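Just so you know, the protein sequences line up as chains G and C, in that order. Each position in the first sequence, counted from 1, maps to that position plus 32 in our numbering. Each position in the second sequence, counted from 1, maps to that position plus 23 in our numbering. Ideal Cβ positions, reconstructed from N, Cα and C, are used throughout, including at glycine. Remember, it's a predicted structure, so these values are computed and weren't measured experimentally.
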Amino acid sequence: MPESCDTQFAHVADMPLVSLAQLDDSVLAHSLRRLRYEIEHPEEAVAGFQNRI
Amino acid sequence: MTLMLDSGAEWPDDLDVDELAANSWRPFPFRQFVLKLHGRCNLRCSYCYIYEMGDLTWRSRSTPMSVAVLERACQRIADHVKQHRLGQIDVVFHGGEPLLAGPRLLARAATTLRALLPASTELHLSVQTNGVLLDETILETLLAHQVRVGLSLDGDRTAHDRHRRYANGRGSYDATTQALELLNLPAYQDLFSGLLCVIDLGADPIVTYETLLSFGPPTVDFLLPHGNWATPPVGRGIDSDETPYGDWLVEIFDRWYTAPRREVNVRIFAEIINLVLGGASRSESVGLSPVALIVVDVDGSMEQVDTLRSVYHGAAATGMTIFDRSFDDLLGHPSIIARQIGLAALGETCRACSVVKVCGGGYYPHRYRPGSGFRNESVYCADLRLLIDHVANRVHQDLDRLRKRENDSQLPTVTLGP
């Protein structure tokens, strides 16, 4: 897991993952999916160019 | 890890690379390459960090990238990819205005890269443009080579034309929105990667957001105007506790977060939420993820992120070119290292802050202060703190509600995917 996953805000381990079905495509559900993906793919945890989309 | 500076040096010029190596630090290979295909621009935007701020490098580089530079740059990228066995890279065509380079150079860049890269490496190509030259001929070229398109639009006509003008003072809103109409045609829609908007405190934030939304972008990003402790941003005093930019963004965040459906990805908000949840940022503007981008200018100079040109003349320079050095050589440059070592690159104020892993000290060019260089909090520190606290509170409220709902129900667990 990337070191930056360990923030004072991180309560992921306690987070009930069961609610995603109810959240549909909400912002939070999207972020939770991305977070799980990052944990599984730490090599992609690098930052890119601000001035582009 | 504590990194000391000799007296008189500005961070990170005297960063102790040997000490880092002794602490088992290793560089992250570059994964994003910004190619400056043209050194000129057909607009004269008032806030432009290339032409209107501290750097005058553009005066000697106002040409398109030559084929010799382009091919050497592509070869260097391919060598770097092979050396580090990279499975995926981004290449961004940039400027000045990259479309001034014309469709042939764009096509040549895409074709050369694909020919040189290993078949196993996924190549993501994009171009960031003002849209003025985006016609069907260019779009057909971009479509043929799968180059995605980001456009710069600052909101409604009034906001956009206040800053984004031609040299004769005429606004560019009509040209940019015509380009957006073309880009939204079914044939090209998949190329549309999103909109960039530089924040203007004189514009209403909700009107700005909804104007951007009306063009159907998949992603929107709001950029803070460039400034630092020596040259403060417009509307932001350095000794003030006011948070005009934070307030502006919070208004949009609430509008965006409480929408009945997910209308668009707003990058700065999505990144902060991800960081609040304990993830890693993929944007250099927030978070502590190692920055893995490098810029190749029209003459083959290898440079740090170009927005550093807002700080002082030569701030982005590394002194290396693609003709005499490899990208691996650049990984040992103090200025590149400084953006890959996370907390160790930040000053004491930042390291002691409770949200440092979310803001990451703020955007690197915004941290500059004469004397101490880039080892300072962002000139936007108060604005970032306001926004981050607001987002974090909102996300935590939702998580608390989720927990309560889960405790009250017996729903089956679902599997998370990317």
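Just tell me which of the options has its CA closest to the CA of residue i.
i       : options                            : result
D322(C) : A91(C), C68(C), P50(C)             : A91(C)
P87(C)  : L123(C), G110(C), V155(C), N65(C)  : L123(C)
D352(C) : C64(C), R99(C), G301(C), N416(C)   : R99(C)
D412(C) : C382(C), N65(C), D320(C)           : C382(C)
A339(C) : I360(C), S312(C), P388(C), N251(C) : P388(C)
N191(C) : F215(C), N46(C), L66(C)            : L66(C)
V170(C) : L206(C), Q201(C), T234(C), R390(C) : L206(C)
C68(C)  : G365(C), A133(C), T135(C), L176(C) : L176(C)
D320(C) : G118(C), R390(C), R424(C), C97(C)  : G118(C)
R193(C) : Q201(C), H183(C), A202(C)          : H183(C)
P241(C) : L410(C), L203(C), T181(C)          : L203(C)
A132(C) : N153(C), T164(C), K105(C)          : T164(C)
P50(C)  : L409(C), L208(C), L316(C), R374(C) : L316(C)
L410(C) : I291(C), F215(C), Y70(C)           : I291(C)
S63(G)  : G365(C), T152(C), V289(C)          : V289(C)
T234(C) : R348(C), V287(C), Q212(C), L140(C) : V287(C)
C71(C)  : C97(C), R185(C), V40(C), D37(C)    : R185(C)
L214(C) : Q201(C), V243(C), H168(C), D197(C) : H168(C)
D78(C)  : K380(C), R348(C), Y335(C)          : Y335(C)
G365(C) : G217(C), W48(C), L331(C)           : W48(C)
Y74(C)  : D39(C), D37(C), E42(C), L331(C)    : L331(C)
P209(C) : D197(C), L162(C), L218(C), S377(C) : L162(C)
V230(C) : W279(C), R424(C), S216(C), D347(C) : W279(C)
Once the 5 residues before and after residue i are set aside, which same chain residues still bring their CB inside 7 angstroms of it?
i       : result
H107(C) : P52
I222(C) : F245, L246, L247, P248, Y268, W271
L422(C) : none
G385(C) : E400, S401, Y403, C404, L407
L358(C) : In the sequence under discussion, the amino acid at residue 358(C) is Ser, which differs from the Leu named in the question. Correct list, in chain order: P35, Q327, T341.
Go through its chain and collect everything with a Cβ distance to residue i's Cβ below 8 angstroms, but skip five positions before and after it.
i       : result
L109(C) : P52, R54, H103, T144
S304(C) : E294, N297, L298, G310, L311, S312, G383
M33(G)  : Caution is warranted here: a pLDDT of 33 is assigned to M33(G), below 50, making its placement in the model unreliable, and the coordinate value is therefore given only provisionally. Counting only Cβ-Cβ distances below 8 angstroms, and skipping sequence neighbours, we find I71, P74.
Y189(C) : N65, L66, R67, S195
Q363(C) : P50, F51, P313, V314, A315
T199(C) : N153, G154, V155, L174, S175, L176, H183, R187
W264(C) : Checking the sequence shown, residue 264(C) turns out to be Asp, not Trp. Here the set comprises A405.
Under 8 angstroms by Cβ, that's how I've got residue i and residue j pegged, so tell me the actual separation to the nearest angstrom.
i       : j       : result
H266(C) : D406(C) : For the sequence presented, residue 266(C) should be read as Thr rather than His. T266(C) to D406(C), Cβ: 5 angstroms. Contact.
M76(C)  : S308(C) : Not quite, the Cβ-Cβ distance comes to about 17 angstroms (not below 8 angstroms), so this is no contact.
R285(C) : V59(G)  : 6 angstroms
F238(C) : C220(C) : With 8 angstroms as the limit, F238(C) and C220(C) do not qualify as a contact, their Cβ atoms being about 11 angstroms apart.
G258(C) : L224(C) : 5 angstroms
A226(C) : G154(C) : At roughly 19 angstroms, the Cβ-Cβ gap does not stay under 8 angstroms, so A226(C) and G154(C) are not in contact.
G302(C) : R66(G)  : 7 angstroms
Y211(C) : L166(C) : 6 angstroms
Q82(G)  : S306(C) : 6 angstroms
T80(C)  : G337(C) : 7 angstroms
L146(C) : C97(C)  : Rounded, the Cβ-Cβ distance is 11 angstroms, inconsistent with contact.
A368(C) : A375(C) : Not confirmed; about 15 angstroms, so no contact.
How many angstroms separate the CA atom of residue i from the CA atom of residue j?
i       : j       : result
V318(C) : D329(C) : 7 angstroms
Q327(C) : W252(C) : 20 angstroms
T281(C) : A138(C) : 46 angstroms
E94(C)  : L60(C)  : 12 angstroms
R187(C) : A44(C)  : 45 angstroms
G355(C) : P35(C)  : 12 angstroms
P126(C) : L148(C) : 14 angstroms
A101(C) : V172(C) : 23 angstroms
V150(C) : D262(C) : 38 angstroms
E35(G)  : L156(C) : Confidence is the limiting factor: at E35(G) the pLDDT is only 38, short of 50, which leaves the residue's position unreliable and the question unanswerable from this model.
T134(C) : P121(C) : 17 angstroms
R84(G)  : V115(C) : 8 angstroms
R63(C)  : L129(C) : 16 angstroms
K427(C) : L300(C) : 18 angstroms
L49(G)  : D431(C) : Note that L49(G) scores 46 on pLDDT, short of 50, meaning its location in the model is unreliable; the coordinates nonetheless yield the value given after this. One C-alpha to the other measures close to 14 angstroms.
V243(C) : L236(C) : 8 angstroms
M47(G)  : F350(C) : At M47(G), the pLDDT of 49 sits below 50, so the modelled position is not reliable and the matter cannot be decided from this model.
A32(C)  : V40(C)  : 15 angstroms
D29(C)  : D37(C)  : With a pLDDT of only 46 at D29(C), under 50, the local geometry of the prediction cannot be trusted, and the value read off the model is given with reservation. So the alpha carbons of these two residues sit roughly 7 angstroms apart.
G260(C) : S377(C) : 24 angstroms
R450(C) : V379(C) : The requested residue 450(C) does not occur in the structure, where chain C is confined to residues 24 to 441.
So, at 6 angstroms on beta carbons, what are the nonlocal neighbours of residue i in its own chain, with the 5 sequence-adjacent residues on each side left out?
i       : result
G250(C) : P256, V402
P393(C) : A253
I275(C) : P228, Y232
T181(C) : none
Y391(C) : N251, V334, F397
S324(C) : T344
L218(C) : L174, L176, L235, P240, V243
T372(C) : E400
(request) Count the C-beta pairs between the stretch 54-64 of chain C and the stretch 332-343 of chain C that are closer than 8 angstroms, then say yes if the count reaches three, no if not. (result) Contact fails: fewer than three Cβ-Cβ distances are below 8 angstroms.
(message) I want to know whether the stretch 414-433 of chain C touches the stretch 392-399 of chain C - three or more CB-CB distances under 8 angstroms.
(response) Between the stretch 414-433 of chain C and the stretch 392-399 of chain C, the count of C-beta pairs closer than 8 angstroms stays below three; the two stretches do not touch.
(request) With 7 angstroms as the limit, tell me which residues of the stretch 418-429 of chain C have their beta carbon closer than that to any beta carbon of chain A; keep them in chain order. (result) Of the protein chains in this structure, namely G and C, none is chain A.
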